[in-house]
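Numbering (our numbering), first residue to last: 10 to 346. Have a look at the structure below before the remarks.
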């Protein structure tokens, strides 16, 4: 059966075999049971094959074999996820595309306990598919990533989960997105990572606290590293486009202030306490002294101003070291800095 399923040409000419197989299944349920742990994951995936004849035939077999879909999906969920994750890296583009489409459906309505063991692998393989050489695979992966973002944001919200469960989810997803996601070579991966991080910043509330130091420092750095390349180009060709360096810098400052990343940074401020500030301050001082890029320096300044207005008591013990670091910027060549 699985050999037949692996050859699309054979399925096109033997579509009726699938329906004949359905009747065999109904008469051989007991004999098939030992093979279900291998059969169910592959059969589930084949229902999403890009070839309509294959997925129609497989859907027919699935319905004949699986009398209680909800029960079967719960019983074999682990095997199905592992098969789809492995198949996302398959050499055949049809297998990768089918796996992405299957995951999009599989992820919906799953509990945090079901998803948490696979969360990092899910993000890792979905991002890999998002950068696939085949366009149809990328399109399928885009839908999967969109669903995964919704699920991730949902379970990083303390209104939907317990603090303990939310912290487990955050501990896996945020470090991954802040490192491998934001610093990926693939633009779509970077965009999806940033979008997910910013959504988490809006809803995670107190769950943010253990991650604020890394989150704020990485986003401040990202103000420069993810700045549109046209800004860097213009900074070296201001005369050609008849704008002054000061005008360009003011434009970059305005863009940094209005950046969604800045909004994400400021959403963390209400959850900063002395412990968080102790961890964040060395990273912040490093960025103030040696941060590369005008947007990063502007972001640091805006963050500190907002902190002084909202969290003056928390900021006060660190004020001296921060002021010393800021004093070096007074002599900066850039008037905007």
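Where is the CB? At the ideal position from N, CA and C, for every residue including glycine. Quick caveat, the model's predicted, so the values are computed rather than measured.
- For residue 320, the CB contacts under 7 Å within the same chain, skipping 5 residues up- and downstream, are 278, 281 in chain order.
- For the options 132, 55, 269, the alpha carbon positioned closest to that of residue 94 is the one of 132.
- The beta carbon of residue 150 is closer than 7 Å to those of 109, 135, 138, 139, 141 in its chain, skipping five residues each way along the sequence.
- In this structure, DSSP gives residue 57 a state outside helix and strand, which the three-state scheme calls coil.
- Burial is judged here by how many other beta carbons sit within 10 angstroms of a residue's own beta carbon; residue 318 has fewer than 16 and is exposed.
- When DSSP states are grouped into helix, strand and coil, residue 67 belongs to the helix group.
- The DSSP-derived three-state label of residue 235 is coil.
- With contacts defined by Cβ atoms closer than 8 Å, residue 301 and residue 233 form a contacting pair.
- Going by DSSP, residue 283 is part of the alpha helix (DSSP H) stretching over 283 to 299.
- Burial is judged here by how many other beta carbons sit within 10 angstroms of a residue's own beta carbon; residue 325 has fewer than 16 and is exposed.
- When secondary structure is reduced to three states using DSSP, residue 195 falls in the coil class, being assigned neither helix nor strand.
- Using a Cβ-Cβ distance cut-off of 8 Å, the stretch 108 to 127 and the stretch 172 to 186 are in contact, since at least three pairs of beta carbons, one from each stretch, lie closer than that value.
- Residue 222 places its beta carbon 8 Å or farther from that of residue 165.
- If the five residues before and after residue 218 are omitted, its C-beta is found closer than 7 Å to the C-beta atoms of 280, 285, all from its own chain and listed in chain order.
- For residue 160, same chain residues with a beta-carbon under 6 Å away, outside a window of 5 residues either side, are 116 in chain order.
- Closest in C-alpha terms to residue 64, from the list 75, 107, 90, comes 107.
- Taking a 10 Å sphere around the C-beta of residue 271, we find 16 or more other C-beta atoms and assign the residue as buried.
- Collapsing the DSSP output to three states places residue 77 in coil.
- Spanning the alpha carbons of residue 78 and residue 68 requires a straight line of approximately 12 Å.
- Shortest Cα-Cα distance from residue 206 to any of 58, 228, 195 involves 228.
- In the three-state scheme derived from DSSP, where H, G and I count as helix and E and B as strand, residue 92 is classed as helix.
- Counting only residues of its own chain and dropping the five nearest sequence neighbours on each side, residue 288 has a CB closer than 7 Å to the CB of 222.
- For residue 168, the secondary structure class from DSSP, reduced to helix, strand or coil, is coil.
- Within the stretch 133 to 187, the runs of alpha helix (DSSP H) at least 4 residues long that lie entirely inside it are, in chain order, 144 to 164, 172 to 185.
- Contact between residue 293 and residue 226 is confirmed by a C-beta separation of about 7 Å, below the 8 Å threshold.
- Distance from the CA atom of residue 58 to the CA atom of residue 104, rounded to whole angstroms, is 7 Å.
- Between the stretch 69 to 76 and the stretch 85 to 92 there are fewer than three inter-stretch CB-CB distances shorter than 8 Å, so the stretches are not counted as touching.
- Cβ atoms of residue 158 and residue 208 come within 8 Å of each other, at about 7 Å.
- Per DSSP, residue 114 is one residue of the alpha helix (DSSP H) stretching across 102 to 116.
- Boundaries of the alpha helix (DSSP H) harbouring residue 121: 121 to 124, taken from the DSSP string.
- Comparing C-alpha distances from residue 215 to each of 156, 172, 192 shows the shortest one belongs to 172.
- DSSP places residue 318 in the uninterrupted alpha helix (DSSP H) bounded by 303 to 319.
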